[in-house]
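For the sequence shown, counting from 1, position 79 maps to 79 in the UniProt record's numbering; every step adds exactly one.
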Amino acid sequence: MDEQDIYANVEGPSGLYIRWERVQSSENIYPNEDTCCSVETDRTGPALSDLEESNTVKKRSCNATALILGLLCLLLLTGLVILVFLYTKNNSNWELKMLLLQTSYNNLTEKKYQLKTSYNNLTEKQHHLQTSYNKLAEENHQLNTSYINLTQEKAQLKKKLENATTDLRKKLQALHWTYFADKYYYISSTMQTWQDSRNDCLQKGADLVIINSPEEQEFIRKIKKRTWIGLTDAETEGTWKWVNGTLLGSLRYWAESEPNNANGNENCAEISSSNLEKSWNDMSCDFKMHWICEVQLI
Ligand SMILES: [Ca+2]
Ligand SMILES: [Ca+2]
Ligand SMILES: [Ca+2]
């Protein structure tokens, strides 16, 4: 039987070298029980030792192979665990991100709804404001038009009044009325009793003069005529009243020792032709003298 080396110096796990030597062609190369038995019956002399050594090598080879397979399984298992861990971790992160995105989306949706509501409210308010503004603008336009018309009418009326006043002054001056401090005065050229003098003033739409100021007193006094004024105590002796019903106040210009109610019958006041400021005198109302009417047109 030819002998041949099937395998020589095969490297095993952990650097262990297994030496395969002569194996007879009748022997099975696979390690099984029949092979062992066949080898056992055929062994002779030094060949038995080689078989034992070969079996030992085979066992070691099987153990090494099992060890390698176990390590590979362990490695695969570890890889599988890592993959499952990574997958689970990634899956958890993805779910967390999805949850966060969903929350953010819900928040944004809520804010969008609130903004939409605010926008609608502002749009409504803007519409109301625009409507109010349009009404006010229309009212302002109408008021402005009315103001312009009233201003024009006022200017026209002012012009008419000025013209009427000018015409009246001319007519009054023609009738011997005198203008002084916004008042018109009529100085009679004839003489009458106090009551007839007043009646004449009333007939002219005026009344006997009332002295209201030192300037008016001075204006009347400088006429240099004895004239009736609108002052009397005929109603109650000693109680002097103006023709408009007001009592004589502190503004008074009685001459010295006047009023003296001479003969118990002096109840009407006159301005004498005295050069003195204090020029008033009480006289009998039946006495005839000039008179002064006073009127304020405007
Ligand atoms: Ca007066
Ligand atoms: Ca008197
Ligand atoms: Ca007197």
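Beta carbons are placed, not taken as given, at the ideal position from N, Cα and C, and that holds for glycine.
Since we're looking at a predicted model, the values are computed, not measured.
Would you decide whether residue 271 is buried or exposed? Buried here means 16 or more other CB atoms lie within 10 Å of its CB. buried
Within 10 Å of its beta-carbon, does residue 126 have 16 or more other beta-carbons around it, so buried, or fewer, so exposed? exposed
Short of 8 Å in beta carbon distance, which residues of its chain neighbour residue 200, apart from the five on each side in sequence? Order them along the chain. 188, 192, 291, 293
Residues sharing a beta bridge with residue 295, DSSP: 184
Cβ-heavy atom distance between residue 244 and ligand 1 below 7 Å? no
Can at least three beta-carbon pairs, one atom from the region 138-154 and one from the region 164-173, be found at a separation below 8 Å? no
Tell me residue 192's beta-bridge partners as DSSP assigns them. 289
Bridge-paired residues (DSSP) for residue 207: 294
Could you please give the first and the last residue of the uninterrupted alpha helix (DSSP H) stretch that includes residue 215? 214-221
Sorted by chain position, which residues of the same chain lie with C-beta nearer than 8 Å to residue 141's C-beta, five sequence neighbours on each side aside? none
Consult DSSP for residue 33 and reduce its assignment to one of helix, strand or coil. Residue confidence is low: residue 33 scores 44 on pLDDT, short of 50, so the model does not pin down where it sits. Its coordinate-derived value is still stated next. Helix at residue 33.
Between the alpha carbons of residue 112 and residue 92, how many angstroms are there, rounded? 29 Å
Sub-8 Å separation of residue 181 and residue 215 beta-carbons: yes
As assigned by DSSP and simplified to three states, the class of residue 253: coil
Which word fits residue 244, buried or exposed, when buried means at least 16 other C-beta atoms lie within 10 angstroms of its C-beta? exposed
Figure out for me which residue from 250, 67, 253, 265 has the closest Cα to the Cα of residue 236. 265
Considering only their Cβ atoms, is the gap separating residue 223 from residue 211 smaller than 8 Å? no
Going by CA-CA distance only, name the one from 59, 57, 250 that's closest to residue 213. 250
Give the C-beta separation of residue 253 and residue 280 to the nearest angstrom, bearing in mind that I take them to be a contact with Cβ-Cβ under 8 Å. 5 Å
I need the residues with a C-beta less than 7 Å from some heavy atom of ligand 3; please give them in chain order. 258, 259, 260, 261, 262, 266, 281, 282, 283
Would you mind working out which of 233, 217, 208 sits nearest residue 296, comparing C-alpha positions? 208
Straight-line CA distance for residue 35 to residue 57? Low confidence applies here, because residue 35 scores a pLDDT of 44, under 50, leaving its location unreliable; read the following figure in that light. Rounded to the nearest angstrom, the two C-alpha atoms are 15 Å apart.
Sorted by chain position, which residues of the same chain lie with C-beta nearer than 8 Å to residue 278's C-beta, five sequence neighbours on each side aside? 253, 254, 255, 256
With a threshold of 7 Å, establish whether the CB of residue 200 neighbours any heavy atom of ligand 2. no
For a quick check, are the C-beta atoms of residue 185 and residue 204 less than 8 Å apart? no
Express the C-alpha separation of residue 90 and residue 100 in angstroms, rounding to a whole number. 15 Å
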